[in-house]
Amino acid sequence: MGYRAFGMTRSVVRRALGGALLVLSAAFALAGPACDTATAVALASEAGADDAAPAPKVVVLVADDPSHGRREHEYHAGVTLLASLLAQSPGVTAVVHRSFPDDPRALDRADTVVLMTSGRERHPLLAPARADTLGAAMARGAGLVSLHWSVDVTPALEEQTRAWLGGYALFGASVYPIWDATFEPLPDHPVARGLPATFSLHDELYFGLRFAGDLPRLAPILRARPPDDARTTPETAAALGRTETVAWAYDRAGGGRSFGYSGLHFHDTWSRYEVRRLVVNAILWTAGREVPRAGAPVELDPAILERDLDPK
């Protein structure tokens with residue numbers, strides 16, 4: 086498979102891989118018995134690295150079955166695009182699953198887990214066995230990144246999601262409008278490295294989210310003031326003019342880091358470098374990898390936006 090299969094230009098391959106080795110067998114070993122339903126990209130950060138080199142950080146990317154219209158909620162295309170972006174960061178192994186793995190050992194070596202899945206009554210964690218699998222990873226301090234609909238949960242998942250993610254959307258309390266957000270100045274946080282001080286974005290950005298009470302551990306990353314006519318639930322209508330958090334970082338009380346982002350409804354939002362860098366920075370941070378001062382490299386071949394789209 087050529088380098089363009091993961092949306093990388095020749096210059097990215099030279100810079101990000103250098104003398105690195107592509108070790109597919111190691112990634113499939115990580116997937117274990119589920120390897121027939123997983124694709125993996127393993128990246129060794131240094132060619133000829135000695136035994137003292139740190140082990141690659143393992144990022145498990147979980148997609149889901151199609152749910153919305155074409156170029157909306159493109160879960161599989163989104164996680165394979167993320168795998169191509171992560172390949173630009175040395176010392177990272179990305180393992181892609183088309184759906185939440187049924188093998189309870191699938192997350193045993195994950196440094197962080199990225200969910201780009203359906204939510205609410207279709208949320209994969211409503212299945213107790215899957216919740217147990219992720220819970221075991223959370224208990225040992227693995228990171229968690231939850232994107233768009235996967236932050237939207239049912240009351241049955243509220244307590245668990247509050248503990249693991251730090252925040253969530255809840256139908257009947259939160260709202261789900263498409264709007265033009267201009268973000269307030271971003272904080273001094275590793276997830277915000279390499280991003281402009283502020284930027285604007287057109288997307289479906291859920292707001293009126295519910296957050297954990299231990300605020301010192303929760304850092305809002307993207308905050309904006311939505312139009313008041315989008316406040317269509319009693320909770321949001323009671324807070325006219327309020328600035329709302331739509332992306333956040335969370336240091337979990339029991340150890341481990343999490344990141345939630347309510348945007349990314351539209352697949353073409355990945356064309357924005359700010360969104361790519363925000364998410365890749367967050368993945369590195371939750372995995373325990375140092376985020377470069379200039380932010381993670383996120384060069385994109387536009388052709389990748391046309392790949393791996395689900396038939397709809």
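Per our numbering: the sequence shown = residues 86 to 397. Where is the CB? At the ideal position from N, CA and C, for every residue including glycine.
Endpoints, beta strand (DSSP E) assigned at Gly-228: 228-232 is the span of the beta strand (DSSP E), which, as asked, contains Gly-228.
Segments assigned beta strand (DSSP E), at least 3 residues, entirely inside the region 251-301: Counting only runs of 3 or more, we get 252-255, 263-267, 285-289.
Residue range of the beta strand (DSSP E) that includes Gly-345: First-last of the beta strand (DSSP E) with Gly-345: 342-346.
Which residues DSSP lists as bridging Thr-197, in chain order: According to DSSP, Thr-197 shares a beta bridge with Val-144, Gly-228.
Beta-carbon proximity list for Lys-397, same chain, < 7 Å, skipping 5 on both sides: Within the same chain, Cβ atoms closer than 7 Å to the Cβ of Lys-397 are found at Pro-151, Gly-154, Arg-155, the five residues on either side in sequence being excluded.
CB-CB length for Gly-293 against Thr-267, believed under 8 Å: Incorrect: roughly 18 Å between the Cβ atoms, too far for contact.
8 Å Cβ cutoff met for Ile-306 and Trp-264: Remark: C-beta atoms of Ile-306 and Trp-264 do not approach each other more closely than 8 Å.
Residue-chain proximity (Pro-275, chain D), Cβ-Cβ < 8 Å: Among the chains in the structure shown there is no chain D, since it carries only a single protein chain.
Cβ-based burial, Arg-316 [other Cβ within 10 Å; buried from 16]: Looking at its Cβ environment, which holds 16 or more other Cβ atoms inside 10 Å, Arg-316 is buried.
Euclidean distance between Cα positions of Val-143 and Gly-163: Their backbone Cα atoms lie some 18 Å apart in a straight line.
DSSP-derived helix/strand/coil call for Pro-209: Helix, per DSSP.
Cα-Cα separation, Glu-206 to Ala-277: Their backbone Cα atoms lie some 32 Å apart in a straight line.
Paired residues, beta bridge with Leu-219 - DSSP: Answer by DSSP bridge pairing: none, since Leu-219 is not bridged.
Continuous alpha helix (DSSP H) stretch holding Thr-317: start and end: Unbroken run through Thr-317: none, as it is neither H nor E.
Euclidean distance between Cα positions of Ala-323 and Leu-300: Between the alpha carbons of Ala-323 and Leu-300 lies a distance of about 21 Å.
Span of the beta strand (DSSP E) around Trp-333: Judged by DSSP secondary structure, Trp-333 falls within the beta strand (DSSP E) whose first and last residues are 329-336.
Val-364 vs Tyr-346 beta-carbon contact at 8 Å: Cβ distance < 8 Å, so Val-364 and Tyr-346 count as in contact.
Residues near His-284 by beta carbon distance below 7 Å, same chain, minus five either side: Position check: residue 284 holds Phe in this sequence, whereas His was assumed. Phe-268, Glu-359.
Own chain residues within Cβ distance below 8 Å of Pro-189, not counting five before or after: Contacts found: Ala-214, Asp-217, Thr-218, Ala-221.
From Ala-227, Arg-225, Pro-209, Leu-229, residue whose alpha carbon lies closest to that of Ala-241: Looking at the Cα atoms, Pro-209 is the closest of the given residues.
Range of the contiguous beta strand (DSSP E) that encloses Thr-178: Counting along the chain, the beta strand (DSSP E) containing Thr-178 begins and ends at 177-182.
Reference Arg-302, options Ala-254, Leu-286, Arg-247, closest by Cα: Per the Cα distances, Arg-247.
Spatial neighbours of Arg-361 in its chain, beta-carbon cut-off 7 Å, leaving aside the 5 residues before and after: Exclusion of the five residues before and after Arg-361 leaves Leu-170, Trp-355, Val-383, Leu-385 as the residues of its chain whose Cβ lies within less than 7 Å of its Cβ.
Span separating the alpha-carbon of Ala-309 from that of Thr-328: Spanning the two alpha carbons is a distance of roughly 5 Å.
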